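The number in our numbering is simply the position in the sequence shown, starting from 1, with 42 added.
One structure is given here, and the rest of the page talks about it.
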Amino acid sequence: MPDQQPVTILPIPFDWGASRRGADKGPDAVLIAGLADRLVLLGRKFETRSTSYLPPLAADRRTLLRMKEWGRVHAMSEAVAKEIATIVTTGAFPLALGGDHSISIGTIAGLTQFKRRLGVIWIDAHADLNTPETSPSGNMHGMALAVSLGLGDSRFTGIGGGRSPKLQPERVVLVGVRELDEGEKIIIRQHQITCFTMHDIDRLGMARVMDEAIQIAARGSDGVHVSFDIDSIDPKDAPGTGTPVRGGLNYREAHLGAEMLYSAQIVTSADFVEVNPLLDNSHLTAKLAVELIASLLGERIL
């Protein structure tokens, strides 16, 4: 993104796509941890949208064993898609703060109303490529990327109107994956999705993985969206998340990835998800999210 491009922060306080409550408080935690101050230091113009765009969700009881709380996830996703599309029309950089990872169903649906060849770099311990048929849990934060690729229930693949699938698999890259369900492995192979596991990062190094991820996501694209799940980072550095998995990215690997994305000047939008302050230790995870957002937007050591 150009340094002069303003940033619009969209808080999405939603946690019904996950099994553990608390990620709905993630946006406030990140804001309280000093995101605005960091953007001021970077010289970025920015605004923070209110959450009034979200419809009332408490009374929506639609749920299924294999798509838990699908009514709330659907209503949230439609509202987020509409709000993200509005932000894009202003020329600002959309920065969505989750919330669990189901919020990306809406962010991608909104972005792809304007970007037909959107590349995506999905930095996550998990692939989020389950469908209602393959999901062991039925939690919809584990289906977000699958939905955007046109896989799963048509009520979700059609969110935001327009076409389905929203994304093309040849421009989707997974980074930091270390916990895959069997159905997700099949989808990755069938659709030839590029997946850099932690084994690949251990073997090749973060710099090479990010170089390749950037090239793949940007090839033939009209923009690249970064979806950063804080559980991609090892729990010792990011304890405040609902689905921690040992053996993740370390502090510097995560920052190097964000710094390289900024240097490549390909990123046109981002979401940061799964910060859960109820599980955090002295706001460590929220503060780390602020630092990573700053690195993605151009902050450097020197």
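Glycine included, every Cβ here is placed at the ideal spot set by N, Cα and C.
A quick note: this is a predicted structure, and the numbers were derived from the prediction, not measured.
Item: Nearest-angstrom Cβ-Cβ length linking S284 and A60, presumed shorter than 8 Å; Value: The sequence given here has Gly at residue 284, not Ser. Rounded, the Cβ-Cβ distance is 5 Å, consistent with contact.
Item: Status (buried if at least 16 other CB within 10 Å, exposed otherwise) for S269; Value: buried
Item: Extent of the continuous alpha helix (DSSP H) run through I150; Value: 145–153
Item: Continuous alpha helix (DSSP H) stretch holding H241: start and end; Value: 240–246
Item: Selection from T239, I230, K329, L303 that minimises the alpha carbon distance to G340; Value: L303
Item: The region 144–164 touching the region 86–99, judged by at least three CB pairs closer than 8 Å; Value: no
Item: Range of the contiguous beta strand (DSSP E) that encloses S269; Value: 266–271
Item: Runs of alpha helix (DSSP H) wholly within the region 189–251 (minimum 4 residues, chain order); Value: 196–199, 224–232, 240–246
Item: Runs of alpha helix (DSSP H) wholly within the region 259–335 (minimum 4 residues, chain order); Value: 293–306
Item: Nearest to V317 (by Cα), restricted to the options S337, F238, I272; Value: I272
Item: Strand pairing of E89, partner residues [DSSP]; Value: T50
Item: Euclidean distance between Cα positions of S196 and E111; Value: 16 Å
Item: Reference W58; option with closest CA among V82, R86, N181; Value: N181
Item: Cβ neighbour criterion (16 or more within 10 Å) applied to D45; Value: exposed
Item: P69 - containing alpha helix (DSSP H), residue span; Value: 68–74
Item: Whether G299 touches I126 by CB criterion (9 Å); Value: no
Item: Span of the alpha helix (DSSP H), counted from its first residue to its last, around L83; Value: 77–83
Item: Limits of the beta strand (DSSP E) - the one that W112 falls within; Value: Counting along the chain, W112 falls outside any beta strand (DSSP E), though it belongs to the alpha helix (DSSP H) covering 112–132.
Item: Straight-line Cα distance separating V189 from L338; Value: 26 Å
Item: Cβ pair count under 8 Å reaching 3, the region 122–136 against the region 205–217; Value: no
Item: Local Cβ density within 10 Å of S324, reported as buried at 16 or more and exposed below that; Value: exposed
Item: Assigned exposure category for I37 - 16 Cβ within 10 Å defines buried; Value: Since the first residue shown for the chain is 43 and the last is 344, residue 37 is missing from the structure and cannot be characterised.
Item: Beta-carbon proximity of V1 to G68, cut-off 9 Å; Value: Residue 1 cannot be examined here, being either before or after the span of the chain that is shown, 43 to 344.
Item: Range covered by the beta strand (DSSP E) that runs through F135; Value: 135–140
Item: Nearest-angstrom Cα separation, counted from R294 out to A328; Value: 16 Å
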